[in-house]
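Residue numbers (the numbering used here), protein chains in the order written: chain A, 1 to 360; chain B, 361 to 949. Ideal Cβ positions, reconstructed from N, Cα and C, are used throughout, including at glycine.
What follows is the structure in structure tokens.
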């Protein structure tokens with residue numbers, strides 16, 4: 001994808017050229033991911049990516065989105081329109097300001113003596129692939145903001161589950177939870193497997209306003225999530241909560257009743273999907289018959305498996321579902337605190353702690 | 361940066377290739393004097409280890425986990441895994457549950473092929489790109505009347521190309537919106553895109569009401585109307601390339617070795633029992649088939665299953681030869697090979713890249729026909745599905761779609777502002793870039809037509825009061841099972857072995873390991889490599905301004921989707937020997 005100005009046949013002649021600074025968005029999908037968050041962004045409509053790229057909202061700075069999924073540029077390293085050149089420019093300090101978007105978890109390249117788990121383009125000095133962690137080492141200090149999108153990039157996610165061979169972790173595990181950009185921003189995390197399309201586009205929008213000096217510091221919770229998107233639980237936004245209140249629980253999938261006894265983790269999971277629907281208000285999870293498997297949570301997936309079993313806390317809280325007030329809230333708070341933390345093995349260092357026995 | 365007159369072989373690398381899903385690198389040597397690609401290595405840079413971290417997990421978690429293999433067709437994985445689990449647990453979902461999955465999967469094809477064709481591949485054929493690579497072709501397009509202008513509204517081919525310009529073209533923008541509406545259709549059936557929330561072994565959790573199907577059907581009919589314009593539009597555009605650039609049929613061409621594992625089960629016949637798989641496989645609404653040199657070798661899913669072989673050769677793994685076999689014979693008593701996915705052990709060994717030895721994380725899936733290990737491809741999905749379905753002569757989807765034995769007829773009913781329309785996909789002369797792309801458009805229409813039938817059947821169930829969508833099951837202590845379907849980009853299989861109630865072995869094989877595989881132990885190149893090698897160069901730019909559009913068209917016609925590579929990694933493909941090309945040194949990095 002290119003900006004409005006770059007998409008025009010004669011970029012230099014575009015009239016918007018003089019209107020304020022250009023913010024570059026470098027989208028790195030080279031982590032251990034599935035590109036599901038890139039794909040989710042193409043589904044967003046509030047705002048859509050074309051509205052962001054074409055400046056369709058008031059006060060937006062001009063943006064140049066360098067995004068592998070739909071970028072026009074696709075020339076060879078030795079010829080015209082080499083896409084990866086933007087990354088090298090950023091590395092040389094020639095892009096200012098830029099937002100670094102990271103998609104996919106960061107494998108631990110330190111647990112082996114040679115080879116690599118993942119890369120993104122090449123390192124010109126060695127002719128070898130540039131690993132995702134090396135890009136992070138080079139670009140994070142130069143970025144105005146680092147945005148981790150999807151549960152892999154935020155907390156490790158599926159590829160960081162017990163028994164994984166790569167030692168995968170999230171961006172905060174790699175850079176440090178207290179890391180701050182040169183502009184003083186913490187890592188911004190938009191979890192979800194994949195992210196909710198509009199949660200992602202709206203966070204990008206907020207950050208662009210902030211970079212343009214039009215919005216104050218983005219409000220984040222202790223897991224670095226935007227508070228206005230992740231402040232409530234699935235259960236609080238679920239239209240099946242009425243069945244819960246009445247003590248009516250689904251015994252089989254396909255029932256319109258509350259799914260807590262079939263594996264739904266909604267009462268303790270921070271996510272707005274049942275409230276928002278998945279796309280233009282359509283779809284979702286427990287609101288349409290899908291158990292919440294807690295895919296936005298730092299403890300995902302390990303602390304929620306097997307997904308189709310009744311959550312351990314559910315028995316207590318469903319029995320007491322007629323009783324409201326502090327008892328339930330306190331119980332949930334305790335559970336939620338554990339689930340809001342990642343398993344211990346997701347960290348840097350030369351040791352592989354996932355339980356997988358190395359064969360190399 | 362001039363090249364010597366006697367030799368113009370130059371290295372050209374694209375890494376990462378944009379407008380695909382995932383990280384793919386294409387490393388070539390191009391003879392600019394002869395205007396041909398002389399060598400190609402395809403590379404990818406991701407290893408996640410699904411088959412490793414799934415071991416010991418609860419089998420019921422398999423579809424939730426494997427959906428995460430791919431961010432654009434994750435639901436195909438979830439569906440395949442659910443099929444595989446149904447076989448293992450011996451559970452047959454209620455018919456309504458199967459119609460709902462078919463509607464969700466049909467919506468996925470409608471969405472994914474649409475966004476890929478118009479917003480990713482389409483850009484390779486847009487006015488801006490054609491103007492920058494072959495200015496004369498754009499001028500010719502501006503002078504060429506569209507044969508089907510009355511159907512799609514673009515007077516000249518140049519107008520079509522301008523409509524495809526990224527972010528500006530009106531067809532580009534319309535297609536992006538259509539990709540959202542089709543995802544709404546998907547979410548009605550499977551909850552969330554792209555990792556579904558409502559799929560389970562035994563059926564779905566979707567609440568089946570009249571409203572659910574009305575919401576789907578109204579959107580579907582808008583899509584049907586859309587496709588009445590899109591099919592003729594792409595026929596005009598693609599036919600023009602043959603006309604404007606004689607010889608373009610050679611771009612991305614390779615021998616016809618197409619595979620399709622079949623898709624969209626018929627609940628009347630599909631009982632998920634391996635012993636009956638030959639029968640219910642032939643009842644799928646998209647027929648399975650192995651097509652070699654234009655001939656249907658088999659459409660029996662049992663034969664297809666037993667012929668799958670996973671070869672090594674240039675990969676970062678230790679061989680599993682001599683290790684324990686999980687499955688010695690299938691449920692019909694047929695012997696199962698040690699190189700079959702059921703018996704595969706994944707033992708990674710990261711190492712330095714060495715093109716004389718190991719240079720790849722991909723394994724090389726091949727289909728063994730009894731004599732040869734065929735490096736089959738899916739052509740990005742649709743061309744193989746249509747080819748297998750056309751030759752099979754088995755499909756008649758309520759009159760909406762019919763296989764004739766040599767073609768596929770697609771009948772679309774009247775819509776709000778357009779009369780009924782019929783299209784016929786005929787078996788093409790070549791398996792090449794243009795025909796892979798053309799088939800994609802026809803298959804979108806195929807899915808829309810099939811979905812009309814699925815809505816009818818689902819509504820009939822609801823109106824008859826049969827609203828159950830899920831059937832209970834128990835997980836056995838030991839089982840072996842397989843799921844077959846078509847991911848958007850082609851064949852998808854999941855093989856599972858359960859021991860002591862846990863996953864003992866799980867190996868998914870999506871299309872990209874087939875299409876993007878490395879040279880195997882016998883030296884046979886993978887399909888991307890094979891299709892790019894010998895591709896002629898029509899682009900007019902000299903090496904220093906070279907975009908490689910013909911190569912990119914060849915590669916993108918396969919709809920590369922690298923996350924589906926799973927094990928895939930091929931290093932950066934840098935060739936070992938240096939070309940003696942005086943003056944071109946500046947071009948060789």
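Note that the C-beta distance between residue 386 (chain B) and residue 369 (chain B) is not below 9 Å. Check the Cα spacing between residue 81 (chain A) and each of A:94, A:66, A:261 and A:90: the tightest is with A:66. In the assembly as shown, residue 665 (chain B) is a buried residue. Its beta-carbon has 16 or more other beta-carbons within 10 Å. Secondary structure at residue 640 (chain B): helix, using DSSP grouped into helix, strand and coil.
Inter-residue distance for residue 680 (chain B) and residue 886 (chain B) is about 22 Å (C-alpha atoms, whole angstroms).
Listed along chain A is no residue with a C-beta nearer than 7 Å to that of residue 722 (chain B); the closest approach is about 14 Å. Per DSSP, residue 120 (chain A) is one residue of the beta strand (DSSP E) stretching across 119-122.
When C-beta atoms of the stretch 576-594 of chain B are compared with those of the stretch 532-544 of chain B, three or more pairs fall below 8 Å, so the two segments count as touching.
Listed by position along chain A, the residues whose Cβ is nearer than 7 Å to that of residue 547 (chain B) are 278, 279, 282 and 283.
In the DSSP assignment, residue 519 (chain B) falls within the unbroken alpha helix (DSSP H) covering 517-523. Counting only Cβ-Cβ distances below 7 Å, residue 554 (chain B) has contacts in chain A at 36, 39 and 194, in chain order. Residue environment analysis places residue 571 (chain B) among the exposed positions, since fewer than 16 neighbouring C-beta atoms fall within 10 angstroms of its C-beta. Under DSSP, residue 781 (chain B) takes part in a beta bridge, and its partners are B:772. For residue 87 (chain A), there is no enclosing beta strand (DSSP E); the enclosing alpha helix (DSSP H) has its first and last residue at 85-91. For residue 258 (chain A), not one C-beta of chain B is nearer than 9 Å to its own C-beta. Any Cβ of chain A closer than 9 Å to the Cβ of residue 507 (chain B) would place that residue at the interface, and such an atom is absent.
If you ignore the 5 residues before and after residue 417 (chain B), its C-beta comes within less than 8 Å of the C-beta of 425, 862 and 863, all in its own chain and listed in chain order. Comparing C-alpha distances from residue 677 (chain B) to each of B:412, B:372, B:393 and B:399 shows the shortest one belongs to B:412.
A direct Cα-Cα distance of roughly 9 Å separates residue 512 (chain B) from residue 591 (chain B). Under the Cβ criterion (8 Å, minimum of three pairs), the stretch 730-741 of chain B counts as touching the stretch 785-802 of chain B. Residue contact with chain B for residue 98 (chain A): absent (no Cβ-Cβ distance below 9 Å to any residue of chain B). Residue nearest to residue 79 (chain A) within the set B:774, B:562 and B:493 is B:493 (criterion: CA-CA distance). With respect to the C-alpha of residue 690 (chain B), the residue from B:707, B:683, B:501 and B:637 having the closest C-alpha is B:637. CA-CA distance, residue 750 (chain B) to residue 757 (chain B), rounds to 13 Å.
Listed along the chain, the chain B residues whose CB falls inside 9 Å of the CB of residue 118 (chain A) are 383, 405, 406, 407, 408 and 929.
In this structure, residue 154 (chain A) sits away from residue 99 (chain A), with a CB-CB distance that is not shorter than 9 Å. Residues of the stretch 73-98 of chain A whose Cβ lies closer than 9 Å to any Cβ of chain B, in chain order: 73, 74, 75, 76, 77, 78, 79, 80, 81, 82, 83 and 84. Contact annotation for residue 159 (chain A) against chain B: 408 [CB-CB distance below 7 Å, chain order]. At least 9 Å separates the CB of residue 582 (chain B) from every CB of chain A. Chain-ordered listing is empty here: chain B has no CB closer than 8 Å to the CB of residue 270 (chain A), the nearest sitting near 17 Å. In terms of beta-carbon proximity, residue 479 (chain B) lines the interface with chain A, with at least one pair separated by less than 9 Å.
The DSSP-derived three-state label of residue 921 (chain B) is strand. Uninterrupted alpha helix (DSSP H) stretches at least 4 residues long and entirely within the stretch 547-634 of chain B occur at 570-604, given in chain order.
The residue among A:180, A:57, A:53 and A:62 with its C-alpha nearest the C-alpha of residue 70 (chain A) is A:53. Proximity of the stretch 544-554 of chain B to the stretch 453-464 of chain B meets the contact definition, three or more beta-carbon pairs being nearer than 8 Å. Contact between residue 881 (chain B) and residue 915 (chain B) is ruled out by a C-beta separation of about 24 Å, above the 8 Å threshold.
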